[in-house]
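Beneath this line is the structure, given in structure tokens, with notes to follow.
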Amino acid sequence: MELLKKPLTEYLVHRFGPGAVLEKATRFPRGSSRLTWFIDYRPEPGAPVVSVIFRGDFEGGSTIRSSLEQEYFMYERLGHTDVPVAKVLGWEDDPEWAVRPFYIREQIQGSWEVPNYTNPDPVYDEMRIAISKEHLSKLAIVHNIDWHALGFDERLPVPADEASCGAFFVENILHSMEDFGEEPVPLVLEAVDWLKRNAPVAPRISLCKGTNGLGEEVLLNGKIVAMSDWEEASIGDPAADFASLQDFIPEITRDGKHIWGMPQALAFYREVSGINVTLEAVKFYQITRALGTIGYGHSAAVIVQHGKADIRQAWTGTEVFHLGKRILAASIGLPVPIDAKWFGEMNETIQ
Amino acid sequence: MTEQLLTKKAVTERVLPDISEVVRCIARTLEDKIEPSLSTVADRSAIVTSKHLLRYVAARLETEGQSLLDETKVAAKLLNDATSFLDAEGKTDAAAKLAADIRAALAKKPDPSIYPTLAIMAAEVGPLRGLIYRLLELLLGLKDEARTQASEALHDAVRVYIGWQLQQESKYLEEPFRGRGPRR
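These protein sequence lines are chains S and L, in that order.
Using our numbering, the first residue of the first sequence is number 1, and each one after it goes up by one.
Using our numbering, the first residue of the second sequence is number 1001, and each one after it goes up by one.
Right, dumping it as structure tokens:
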């Protein structure tokens, strides 16, 4: 395993005791921001299998702006809330063992895949809506936690007030891009000006998850048992999470009537959270998302330039980077048409 | 026999194979020889991504030179137009400095004795993009009372350039990926 200097079997003994034996180690094929390894081991021969996750950066670095330490911090702090998350089991940076730092967390039983969720047969509509409501209810918990009391503001920047959330969010993305800043992109400048002029006032200042929805959460029997992928977490307008929400707000029309989609989801979320997120605010944050895509696309391009990139990062630094620019340009009214199907096509994975 | 071979070579008029053809051969080898032997999703995913990127490399090899050449001309025209605005309406030190930097950049001529490689052409375009970035910064920073028809027209021209430049990039960043299956 690329995170370790010695064989994984030896590390398991070092970490989990002299009887620990490896059963299986699999690298998660989907991740493009960080490395994820699923490890099954037995604490003693014949004992029940324990499943854990090793999480670390790629050799060339991460394409996302937050550090691995911050991700670990998020899981540790969230462990003190009602948000379903995997428990962290330790941070490893001992140079005798680690090629580079990584952390270990428990693996929750369940799956990020939902059988038949993408099957267009109307027979699955009720299931899709139920999953959507389940996810919105969990987001409501995240958005209502007392982030100050729990110390999240020790690591995450905090906007001054509700009115400045939008501009603050944009500034943070821009700041992360300045860290690299090797290629002048006039589009970014034009977009930032547009976004700051069109930023909505937040209904409240919440802890936001970042990327969420299908592929990011672990489900078991129709319930979310673990929320994963906190590397883009921030403090700000909860509308930002609706812009980062993958597939769990399906558009469903029955007998010519639109029975589920973003308006219905926002109304349900309002009921369970008490927070009024508007469609306009969601659209604004969808555009900031394109700016963020340019940010990590650019980061990936720089990692490729430095010569130790994973093949996935080379793709992020090319097509993903370019698509981010195209979406952003179209969103702020530049005369560059874009095929709406492109984004969905890019998210397809092999089986 | 020799005469026949020479005749054939003369018809081709280039050194065979060219780089794009070799890249396509590598992609086909990965697909035919390597991919079928892979058992894990992670390994197959890496090959799938690699094949997409090899198509991108071939497309970029074929189109980037002309794109950079075209962009040099388009960017130079935009910056040249900007100097008139900066001289006439730009009253600040920043405007004067930008106008001087633009003139210095546009006065640079490539050495005709050196073959313009992609790296050389990219190194010529990069500073022009940087100057357009600075021009846009200046335009966006104008206070309302300083905005004129001329400043708005120049801003529109910058926006058109941004769109045009993106479409240039799309020649090797859209077609090699679109409609060719999962990326990972």
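From the three backbone atoms N, C-alpha and C, an ideal C-beta is built for every residue, glycine too.
Query, Result
"Taking the alpha carbon of residue 1120(L) as the reference point, which residue from 1021(L), 1107(L), 1065(L) has its own alpha carbon closest?", "1065(L)"
"Please classify residue 1001(L) as buried or exposed, where buried requires at least 16 neighbouring CB atoms within 10 angstroms.", "Only weak support is given to the placement of residue 1001(L): the predicted model assigns it a pLDDT of 48, under 50, and the question is left unresolved by the model."
"Quick one: is residue 189(S) near chain L, going by C-beta distance under 8 Å?", "yes"
"What residues in the stretch 321-338 of chain S have a beta carbon less than 7 Å from any beta carbon of chain L?", "322, 325, 326, 329, 334, 335, 336"
"Can you tell me where the alpha helix (DSSP H) with residue 289(S) in it begins and where it stops?", "279-305"
"Check each candidate in 1020(L), 1147(L), 1131(L) and name the one with the smallest Cα separation from residue 1082(L).", "1131(L)"
"Is any beta-carbon of chain S found at less than 8 Å from that of residue 1028(L)?", "no"
"Kindly indicate if chain S contains any beta-carbon less than 8 Å away from that of residue 1001(L).", "With a pLDDT of only 48 at residue 1001(L), under 50, the local geometry of the prediction cannot be trusted, and the value read off the model is given with reservation. No, residue 1001(L) does not count as interfacial toward chain S."
"Taking the alpha carbon of residue 59(S) as the reference point, which residue from 22(S), 107(S), 98(S) has its own alpha carbon closest?", "98(S)"
"DSSP on residue 309(S), reduced to helix/strand/coil?", "coil"
"Considering Cα atoms alone, identify which of 147(S), 264(S), 16(S) is closest to residue 44(S).", "16(S)"
"Buried or exposed: residue 1113(L), going by 16 or more other Cβ atoms within 10 Å of its Cβ?", "exposed"
"Check whether the Cβ of residue 1158(L) lies closer than 8 Å to any Cβ atom in chain S.", "yes"
"Output needed for residue 72(S): all residues of its chain with C-beta closer than 7 Å, excluding positions within five of it in sequence on either side, in chain order.", "88, 91, 103"
"State the DSSP-derived secondary structure class of residue 2(S), mapped to helix, strand or coil.", "coil"
"How about the stretch 195-207 of chain S and the stretch 235-247 of chain S: do they share at least three Cβ pairs that are nearer than 8 Å?", "yes"
"List, in chain order, every chain S residue whose beta-carbon is nearer than 7 Å to that of residue 1049(L).", "311, 312, 315"
"Please list, in chain order, the chain S residues whose beta carbon lies closer than 8 Å to that of residue 1169(L).", "322, 325"
"Give the secondary structure of residue 22(S) by DSSP, where H, G and I count as helix, E and B as strand, and everything else as coil.", "strand"
"Using a Cβ cut-off of 8 Å (strictly closer), state whether residue 348(S) contacts chain L.", "yes"
"Within 10 Å of its beta-carbon, does residue 317(S) have 16 or more other beta-carbons around it, so buried, or fewer, so exposed?", "buried"
"At a cut of 8 Å, does the stretch 44-55 of chain S reach the stretch 271-281 of chain S through at least three beta carbon pairs?", "no"
"Distance check for residue 1171(L) and residue 1199(L), CA to CA, integer angstroms please.", "A question about residue 1199(L) goes unanswered here, because the residues of chain L that appear run from 1001 up to 1184."
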